[in-house]
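**Q** Here you go, one structure.
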Amino acid sequence: RATTRLAGRVAGGRVATGALLLAEGDSWFDYPFADVLGKLQDMFGYSVESVAKAGDRVEDMAYDDGQYEKLLRKFEQLAAQGRTPQAILLSGGGNDIAGGELATLLNHVDSGLPALSEGMLAGIFDERLRAAMVRLIGTVTGLYEAHFGDKPQVFIHGYDYPVPDARGYMGGGGPFPGPWLEPSFRRRGYGDLAINTRLMRQVMDRFNAMAKNVAATPGLEHVTYVDLRGLLSAELAGKAYQLSWANELHPTRPGFEVIAAKFHEVLSG
Numbered sequence: 002r003a004t005t006r007l008a009g010r011v012a013g014g015r016v017a018t019g020a021l022l023l024a025e026g027d028s029w030f031d032y033p034f035a036d037v038l039g040k041l042q043d044m045f046g047y048s049v050e051s052v053a054k055a056g057d058r059v060e061d062m063a064y065d066d067g068q069y070e071k072l073l074r075k076f077e078q079l080a081a082q083g084r085t086p087q088a089i090l091l092s093g094g095g096n097d098i099a100g101g102e103l104a105t106l107l108n109h110v111d112s113g114l115p116a117l118s119e120g121m122l123a124g125i126f127d128e129r130l131r132a133a134m135v136r137l138i139g140t141v142t143g144l145y146e147a148h149f150g151d152k153p154q155v156f157i158h159g160y161d162y163p164v165p166d167a168r169g170y171m172g173g174g175g176p177f178p179g180p181w182l183e184p185s186f187r188r189r190g191y192g193d194l195a196i197n198t199r200l201m202r203q204v205m206d207r208f209n210a211m212a213k214n215v216a217a218t219p220g221l222e223h224v225t226y227v228d229l230r231g232l233l234s235a236e237l238a239g240k241a242y243q244l245s246w247a248n249e250l251h252p253t254r255p256g257f258e259v260i261a262a263k264f265h266e267v268l269s270g
């Protein structure tokens, strides 16, 4: 196993193109027609084993017994096959702040308060999501050490800046999921897309600050944070952002290609 492990890495401990990756996450790793994992396979030749599921929250991944069992079975399966993942990719947190959760971060437009509640931002990002992410990293690290006798390389990421334009999956409505962001803004009295987009930028910056802080935590030196901000367009003029964003939460196929290329850049070091 040690030989297999080293064969998949390049100098400096980074991951070689074509190496086996193990992934847990949300819809950025599990999306119809195109997602980050699929593009990593198609564009760069990585082999991917995944337990990611669209709609999962990072708190589900961290604390749910069923999620743990799913991860455990995947580790057992790979170990029995003699296949050692060279990195673990984690994607989570978007679902924890989408939907009704987003409204908790917003003060009403007529309240006289700042649009974003600092107390709620701190509670959600710096406490709740940070704790869940650290717990999930600890879980996958422990499982990797138990099955492969080494500490894994773990990669986490933040999200790029979305546009809360009320578009759900396949346009939303009826049986289709979404929208996830605009209803919360409307509920709090915010109807200007430019203002709402700037507020989402602040929310995503706070999320990314949390993820970066997690990766810098003592004892988590094996964790790398991937910054995806600025890769996708959030340009409202001419609806240019729609070339990058299929809806409020998910990139288009070309958008996922750009995101996957950034992952590859960081993975390969």
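2 is the number of the first residue of the sequence shown in the working numbering; add one for each residue after it. Every residue, glycine too, gets a C-beta built ideally from N, C-alpha and C.
(1) If we ignore side chains and look at the alpha-carbon of each, how far apart do Arg15 and Tyr226 end up?
(2) Enumerate in chain order the residues of its own chain whose CB-to-CB distance from Arg2 is below 8 Å, with the five nearest sequence positions on each side excluded.
(3) Would the stretch 103 to 116 count as touching the stretch 27 to 37 if we require 3 or more Cβ pairs under 8 Å?
(4) So the candidates are Ala63, Asp66, Arg131; which of them puts its Cα closest to the Cα of Asn209?
(5) My parser needs the alpha helix (DSSP H) runs of 4 or more residues fully inside the stretch 122 to 170; what are they?
(6) Where DSSP assigns a beta bridge to Pro252, which residues make up the other side?
(7) Under a Cβ-count criterion, where at least 16 other Cβ atoms within 10 Å of its own Cβ denotes burial, should Val59 be classed as buried or exposed?
(8) Figure out for me which residue from Thr142, Ala63, Ala55 has the closest Cα to the Cα of Asn96.
(9) Counting only runs of 4+ residues fully inside the stretch 22 to 106, write out the alpha helix (DSSP H) ranges in chain order.
(10) Considering only DSSP beta bridges, list what Tyr191 is partnered with.
(11) Check whether the Cβ atoms of Leu117 and Leu107 sit closer than 8 Å, and answer yes or no.
(12) Beta strand (DSSP E) containing Thr225: first to last residue?
(13) Can you confirm whether the stretch 40 to 49 touches the stretch 61 to 72 when touching is taken to mean that 3 or more C-beta pairs between the two stretches lie within less than 8 Å?
(14) Do Pro165 and Glu236 come within 8 Å of each other at the CB atom, strictly closer than that value?
(15) Drop a sphere of 10 angstroms on the beta-carbon of Ala217, count the other beta-carbons inside from all chains shown, and report buried for 16 or more, exposed for fewer.
(16) Quick one: what's got a C-beta closer than 8 Å to Leu233's C-beta in the same chain, skipping five residues either side?
(17) By DSSP, does Arg10 sit in helix, in strand, or in coil?
(18) Alpha carbon to alpha carbon, what distance is there between Tyr145 and Gln203?
(19) So the candidates are Thr18, Ala63, Gly93; which of them puts its Cα closest to the Cα of Phe30?
(20) Measuring only the C-alpha atoms, how far is Ala212 from Leu182?
(21) Give me the DSSP bridge partner(s) of Leu117.
(22) Do you know whose CA, among Gly101, Ser28, Arg74, Glu50, lies nearest Arg189's CA?
**A** Well, looking at it:
(1) Within the sequence shown, the letter at position 14 stands for residue 15. Within the sequence shown, the letter at position 225 stands for residue 226. Cα to Cα, Arg15 sits roughly 13 Å from Tyr226.
(2) On the sequence shown, position 1 is the one that residue 2 refers to. With a pLDDT of 33 at Arg2, under the threshold of 50, the modelled position of that residue is not reliable, and no figure is offered here.
(3) no
(4) Residue numbering aside, residue 209 sits at position 208 when the sequence shown is read from its first letter. Per the Cα distances, Arg131.
(5) 131 to 149
(6) What you label residue 252 is simply residue 251 of the sequence shown in a count that begins at 1. Paired residue(s): Trp246.
(7) Against the sequence shown, residue 59 aligns to sequence position 58. When all chains shown are included, Val59 counts as buried.
(8) Counted from its first residue, the sequence shown places residue 96 at position 95. Among Thr142, Ala63, Ala55, the Cα nearest to that of Asn96 belongs to Ala55.
(9) 37 to 45, 59 to 64, 66 to 81, 95 to 98, 101 to 106
(10) By 1-based counting over the sequence shown, the position of residue 191 is 190. Bridge partners of Tyr191: none, in fact.
(11) The residue given as residue 117 occupies position 116 in the sequence shown. The residue given as residue 107 occupies position 106 in the sequence shown. Their beta carbons are under 8 Å apart, which means Leu117 touches Leu107 by this criterion.
(12) To locate residue 225, count along the sequence shown from 1; it is residue 224. Thr225 -> beta strand (DSSP E) spans 224 to 227.
(13) no
(14) As a working note, residue 236 is residue 235 in the sequence shown. As a working note, residue 165 is residue 164 in the sequence shown. Not in contact: Glu236 and Pro165 (Cβ atoms no closer than 8 Å).
(15) Your numbering for residue 217 matches position 216 in the sequence shown. Ala217 is exposed by the Cβ-count criterion.
(16) As a working mapping, residue 233 is identified with position 232 in the sequence shown. Asp161, Tyr162, Tyr242, Ser245, Trp246, Pro252, Gly256, Val259, Ile260.
(17) Reading the sequence shown from its first residue, position 9 is the one you call residue 10. Any reading at Arg10 must be qualified, since the residue scores a pLDDT of 44, below 50, and its modelled position is unreliable; the value itself is stated next. Arg10: strand per DSSP, three-state reduction.
(18) Counting from 1 along the sequence shown, the entry for residue 203 is found at position 202. Counting from 1 along the sequence shown, the entry for residue 145 is found at position 144. C-alpha separation (whole angstroms): 35 Å.
(19) Locating residue 30 in the sequence shown gives position 29, counting from the first residue. Of the candidates Thr18, Ala63, Gly93, the one whose C-alpha sits nearest the C-alpha of Phe30 is Gly93.
(20) To locate residue 212, count along the sequence shown from 1; it is residue 211. To locate residue 182, count along the sequence shown from 1; it is residue 181. In a straight line, the C-alpha of Ala212 is about 21 Å away from that of Leu182.
(21) The count along the sequence shown starts at 1 and reaches residue 117 at position 116. According to DSSP, Leu117 bridges with Leu107.
(22) Position 188 of the sequence shown, counting from 1, holds the residue named residue 189. Minimum Cα distance to Arg189 is reached at Gly101.
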